[in-house]
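This report concerns only the one structure given below.
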Amino acid sequence: GAGVSQSPSNKVTEKGKDVELRCDPISGHTALYWYRQRLGQGLEFLIYFQGNSAPDKSGLPSDRFSAERTGESVSTLTIQRTQQEDSAVYLCASSLGAGKAFFGQGTRLTVV
Amino acid sequence: EDQVTQSPEALRLQEGESSSLNCSYTVSGLRGLFWYRQDPGKGPEFLFTLYSAGEEKEKERLKATLTKKESFLHITAPKPEDSATYLCAVRKNSGGSNYKLTFGKGTLLTVNP
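So the sequences go chain by chain: E and W. The first sequence begins at 359 in the working numbering and counts up one residue at a time. The second sequence begins at 9 in the working numbering and counts up one residue at a time.
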């Protein structure tokens with residue numbers, strides 16, 4: 359596609375439910391990033407995928423968070439047993455190796 | 009640990025009043041410093057990449073510069089449409105294929121007409 363696509367754009371979920379967020383990167387981009395942005399805050403790194411290398415999971419805040427990527431295509435970020443502090447905008451980006459990263463519009467997650 | 013600090017946190021300018029935003033960084037082996045613009049409710053939009061000290065990039069009213077410790081985003085004669093949050097990010101040379109970007113908290117720029 360022309361840009362990074364994320365779905366859904368908005369998600370409201372009840373505390374304790376699991377949610378799955380999707381990211382479609384730019385075709386051909388080998389690197390894919392997930393970031394979290396709480397209201398009024400900067401971007402907090404979550405996880406990074408690069409080709410077939412082991413992902414960098416160093417930013418995942420707890421074992422309730424996990425992410426997968428199939429080859430160099432779609433990625434899903436899963437949050438289990440959601441908590442209110444998980445409410446944030448989740449941003450996905452992709453890049454061609456060490457090139458500039460392009461971001462999607464984000465998924466706004468609200469846990470009630 | 010890699011650190012990126014942006015200042016000021018917020019800046020309010022009058023239209024036409026030039027100023028600069030600062031991004032200071034601590035990273036072992038810089039492999040690129042990136043500036044992004046973020047409008048409310050949207051994802052960050054790429055502006056510039058700088059790779060080595062002394063490098064400069066320009067786009068319309070914006071000019072980004074880089075030293076060994078910091079980067080400046082200069083805004084000349086800003087217009088209200090330049091109002092946004094400006095984010096700085098660094099990528100370090102980890103020797104492998106990890107291209108993780110570390111972001112600062114951003115500067116919220118407001119340009120009043």
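Where is the CB? At the ideal position from N, CA and C, for every residue including glycine.
- Around the C-beta of W/Val98, 16 or more other C-beta atoms lie within 10 Å, and the residue is accordingly described as buried.
- Residues of chain E with a Cβ closer than 8 Å to the Cβ of W/Lys67 do not exist, since the nearest Cβ in that chain sits about 13 Å away.
- The stretch 53–65 of chain W makes contact with the stretch 457–464 of chain E, as at least three CB pairs between them are under 8 Å.
- Taking 8 Å as the upper bound for CB-CB distance, E/Leu449 and E/Tyr406 are not in contact here, some 13 Å apart.
- W/Pro16 counts as exposed, since fewer than 16 other C-beta atoms from the protein chains shown sit within 10 angstroms of its C-beta.
- Residue contact with chain E for W/Leu109: present (Cβ-Cβ distance below 8 Å to some residue of chain E).
- Taking the Cβ atoms as the reference, W/Lys100 lies roughly 6 Å from W/Ser36, within the contact range of under 8 Å.
- W/Thr57 is bridged by DSSP to W/Phe42.
- Secondary structure of W/Glu68 (DSSP, three-state): coil.
- If you look at E/Asp382, you'll find it in the beta strand (DSSP E) that goes 377–382.
- By the criterion of a C-beta distance shorter than 7 Å, W/Arg39 is surrounded in its chain by Arg99, Lys100, Asn101, once the five residues flanking it on both sides are discounted.
- Linking W/Thr75 to W/Asp90 through their CA atoms gives a straight-line distance of about 24 Å.
- Residues of chain W with a Cβ closer than 9 Å to the Cβ of E/Tyr406 are, in chain order, Asn106, Tyr107, Lys108, Leu109.
- For W/Gly37, the closest Cβ of chain E is not nearer than 8 Å.
- Under a 10 Å Cβ-count criterion, E/Ser452 is classified as buried, with 16 or more other Cβ atoms of the shown protein chains found around its own Cβ.
- Around the beta-carbon of E/Leu397, fewer than 16 other beta-carbon atoms lie within 10 Å, marking it exposed.
- Between W/Asn120 and W/Gln22, the C-beta spacing is below 8 Å.
- For E/Gln364, the uninterrupted beta strand (DSSP E) segment begins and ends at 363–365.
- Taking C-beta separations shorter than 6 Å and ignoring five residues to either side along the sequence, the partners of E/Ser424 in its chain run Thr436, following chain order.
- Interface criterion met: the Cβ of W/Gly40 is under 8 Å from a Cβ in chain E.
- Beyond the five residues adjoining it in sequence on each side, W/Glu78 comes within less than 8 Å, by CB distance, of Asn30, Cys31, Ser32, Tyr33 in the same chain, given in chain order.
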